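Q:
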Amino acid sequence: MCGSDAKTTSFLVQKPRPRFILHRPRYRFHLSPNHFTLPLNTPITALQKSFFQFYNSLALAMPRTALQWLSLVGIIWLQSINGTNTNFPAYSSQLKNLLSISQIQLNNLAFASDAGKLFGWLSGIAAKYLPIWLVLILGSAVGLIGYGLQYLFLIGRISNLPYGLIFFLTILAGNSICWINTVSYLVIIRNFPLDRQLAIGLTGSYLGLSAKIYTDIVDVVVPSSLVQRARAYLFLSSVLPFTVSIIAAPVVRVINVGKTKRTKVALILILVITVATGVFAVMGSLGSASSWLSPFTSLVGIVALLLAPLLIPLGQQIRQLIVARLGYNRAEKVYVEENVSMEKMERGVKETESVSETRENTFELSFRENIRETDELSESGDDDISETKEISVKEEIGVKLMVRRLNFWLYFFVYLFGITLGLVFFNNLGQIAESRGCSPSALVSLSSSFGFFGRLIPSLLDYFFSRRKYMIPRTAFLVALMVPTGGAFFLLLSTNNVSLYISTAIIGACTGAITSISVPLTTELFGTKNFAVNHNVVVVNIPIGSLLFGYLAALVYRKEENADGKCVGTECYGKTFILWGSLGFLGTFLAFILYARTRKFYSSQRS
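Under my numbering, think of the first position of the sequence shown as 463, with each following residue one higher.
Set out below in structure tokens:
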């Protein structure tokens, strides 16, 4: 029966609601990024049935525009808790003491967190063949296992956990970030093809806010005990992403609505909320301002601002209800004459089912028909992206051709000496703060807040320049951002602790900005069709740089440490900062070469 063309259709005149044909013995095995389908002979449990009903009833109850913005809100929530690796410096010193490990072993754990990105390409492949919701749940489950077992070990529920197993679990935890990022980027690129840079910047900026959010929660729950704070960070890193992924899974999916004026208005409203969130986060990170802002007030404010974007899809839904109630929505009116026969009505309904937009408004759908509708929606979304002239790419290539391009290797090493170097700095921020006598949590919160604005600024500039028909090449942005990154490392040589805070803010902002640029830059240089795999290949340099740069920093630290295994003073990282600053300026030079090689491509886009 599954292989036949026969359809099971019924018509309800009153109280329309979605119907699911669950008595069929078999379902075809077909996976696509937006499907809820099952393998052959797989029984449907009550939990699966409830999840299907919630997903499909949500799709039928809300207009596409509301679902589009609801998917954006879901991605904002996912990104805001996905930066679990940024929590490492906040509890690294306590982890070092609890495990009785050396600085080199601690650095290896920091590398393990980044090494998970070596397998980030798995999420790209999974996104090609598995439903988006399943990729999201799998990624968060990997993080739940990776961080969760470490937490159980720290609280004594697991008696013995070898260092090698902790290393492996840290790799798993780091890999989970790639899965959530892959889902977020794919949905944003497809749902907002004409405003993808601004949408990516808006959502990606919240990833830089993760450390701030986790710190606020820990400050409220465990205000003083260092050991308890370390445990709280691990517990939240395991549970929070998984919980939010379960909540966001039904709404984070591909929605094709095209481009409307209301899209621009809604993006501006989201932008205002995002800027307000960043300002509030920075105020809470600065010592002078945070003195009157209690941890609880800071947490409540952040949560309220994270919920504020829900006003956009809620407003879209209310608008649709008002328009439908007043009878002004002529496009959805169906005029039925009183003397029309039942045969004509059935024939009219069948013709209506061939149109995807009208089919979405049909309340009586079988399980297989609803799945087919979602598939066509996904395919139509891809077609719109490929046919959109405003999305220009230098060339559309896969991994095999990409690694043969000189532009790839220039881009790879700029990424290595920019973003990766900044991440290594943040991984060592706990020990750097300890050697200077500063609070690690304060520095982590500061870097997170400025990283938030760093991720947001390129998108703002790109949006406002595009409105004036002027475009600044993203490779030029790279050059401009690499210069202060290299200079900030040399500023760290100063013995004044103020320079530590200034440098941390600069590196956080520049690293966040380059991260925001890298996603659309990868699509422009190497295409959109293989973006998920291509970009995960680019970020492979993160674990490579983390191992190399972090190991060198650990060797310098070990040479300067005392008998207790600790180092105090600027000498602990002095030589390391000189090396990192030099590599930062080398990255500036490579970024300039990449800009020169791609300038002709960007010039052609202006015309």
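Quick reminder that beta carbons are idealized off the backbone N, C-alpha and C, glycines included. Predicted model only: the values in this text are computed from it and were never measured.
Could you check if THR957 is buried or exposed, using at least 16 other CB atoms within 10 Å of its CB as the buried criterion?
A: exposed
Q: Return helix, strand or coil for THR990, following the three-state DSSP convention.
A: coil
Q: Have a look at PRO920 and ALA994 and give me their C-alpha separation to the nearest angstrom.
A: 21 angstroms
Q: Compute the beta-carbon to beta-carbon distance between SER672 and THR736, rounded to the nearest angstrom, for a pair I have assumed lies under 8 angstroms.
A: 15 angstroms between Cβ atoms; not a contact.
Q: Kindly list the residues whose CB is nearer than 7 angstroms to the CB of LEU772, restricted to its own chain and excluding five residues on each side of it in sequence; keep chain order.
A: VAL535
Q: Only counting the same chain, and skipping five residues up and downstream in sequence, which positions put a Cβ closer than 6 angstroms to that of PRO1005?
A: ASP576, ALA577, LYS579 and LEU580
Q: Quick check on LYS558: buried or exposed, where buried means 16 or more other Cβ atoms within 10 Å of its Cβ?
A: The residue in question, LYS558, is buried, as its Cβ has 16 or more Cβ neighbours within 10 Å.
Q: Are the segment 1021 to 1039 and the segment 952 to 967 touching, with three or more C-beta to C-beta distances below 8 angstroms?
A: yes
Q: CB-CB under 6 angstroms to TYR1064, same chain, minus the five flanking residues each way: which ones, in chain order?
A: Answer for TYR1064: PRO935, listed in chain order.
Q: With a floor of 4 residues, list each alpha helix (DSSP H) that falls wholly inside the segment 917 to 978, ordered by position along the chain.
A: 936 to 953
Q: Mind the definition here: the segment 539 to 549 touches the segment 701 to 720 only if three or more C-beta pairs lie below 8 angstroms; say whether that holds.
A: Judged by Cβ distances under 8 angstroms, the segment 539 to 549 makes contact with the segment 701 to 720, as three or more pairs qualify.
Q: Identify, in the order they occur along the chain, each residue of the same chain with its Cβ nearer than 7 angstroms to the Cβ of LEU883, setting aside the five sequence neighbours on each side.
A: A distance below 7 angstroms between beta-carbons, with the five flanking residues on each side excluded, links LEU883 to the following residues of its chain, in chain order: GLY1007, PHE1011, TRP1042, LEU1045 and GLY1046.
Q: Please report the straight-line C-alpha distance between ILE662 and MET944, rounded to a whole angstrom.
A: 21 angstroms
Q: DSSP three-state call for ALA635: helix, strand or coil?
A: Three-state DSSP puts ALA635 in a helix.
Q: Tell me which residues share the same chain as LEU878 and place their Cβ nearer than 6 angstroms to its Cβ, disregarding the 5 neighbours each side in the sequence.
A: ASN1003 and GLY1007
Q: Considering GLU1023, what are the terminal residues of the alpha helix (DSSP H) in which it resides?
A: Careful: GLU1023 lies outside any alpha helix (DSSP H) and carries neither H nor E.
Q: Give the straight-line distance between the Cα atoms of GLY989 and VAL861, rounded to the nearest whole angstrom.
A: Cα-Cα distance, rounded: 11 angstroms.
Q: Would DSSP call ASP576 helix, strand or coil?
A: DSSP places ASP576 in the helix class (H, G or I) of the three-state scheme.
Q: Helix, strand or coil, according to DSSP, for ASP844 in the structure here?
A: Bear in mind that the predicted position of ASP844 carries a pLDDT of just 40, short of 50, making it too unreliable to give a figure here.
Q: Would you grab the beta carbon distance between VAL1018 and LYS991 for me? Rounded to a whole angstrom, and I think it's under 8 angstroms.
A: At roughly 44 angstroms, the Cβ-Cβ gap does not stay under 8 angstroms, so VAL1018 and LYS991 are not in contact.
Q: If you scan the segment 687 to 759 from start to end, which runs of the alpha helix (DSSP H) of 4 or more residues do you find wholly inside it?
A: 688 to 710, 723 to 747 and 749 to 752
Q: Of the choices THR644, ALA528, ALA895 and GLU896, whose alpha-carbon is the least far from that of LEU598?
A: THR644
Q: Taking the alpha-carbon positions, what's the LEU623 to ALA1016 distance?
A: 24 angstroms
Q: Take LEU631 and list the residues in its own chain whose beta-carbon comes closer than 6 angstroms to its own, dropping the five residues that flank it on each side.
A: GLY608, LEU611 and GLN612
Q: How many Å lie between ILE730 and THR739 at the Cα?
A: 14 angstroms
Q: Report yes or no: do the segment 908 to 922 and the segment 1052 to 1059 share at least 3 C-beta pairs separated by less than 8 angstroms?
A: no
Q: What is the rounded straight-line gap between the Cα of LEU1014 and the Cα of ILE894?
A: 14 angstroms
Q: Consult DSSP for ARG658 and reduce its assignment to one of helix, strand or coil.
A: helix
Q: Assign GLU794 to buried or exposed, taking buried as 16 or more other Cβ atoms, counted over all protein chains shown, within 10 Å of its Cβ.
A: Because GLU794 sits at a pLDDT of 46, beneath the cut-off of 50, its placement in the model cannot be relied upon, and the following sentence gives the value as read from the coordinates. Label assigned to GLU794: exposed.
Q: Looking only at its own chain, which residues have a Cβ that is under 6 angstroms from the Cβ of THR973, when we skip the five neighbours before and after it?
A: ILE881 and GLY884
Q: How is LEU592 classed by DSSP in three states: helix, strand or coil?
A: coil
Q: Can at least three beta-carbon pairs, one atom from the segment 958 to 968 and one from the segment 891 to 908, be found at a separation below 8 angstroms?
A: yes
Q: Taking the alpha carbon of ARG929 as the point to measure from, which residue in LYS726, TYR625 and PHE629 has its own alpha carbon closest?
A: Of the residues LYS726, TYR625 and PHE629, the one whose Cα lies closest to the Cα of ARG929 is LYS726.
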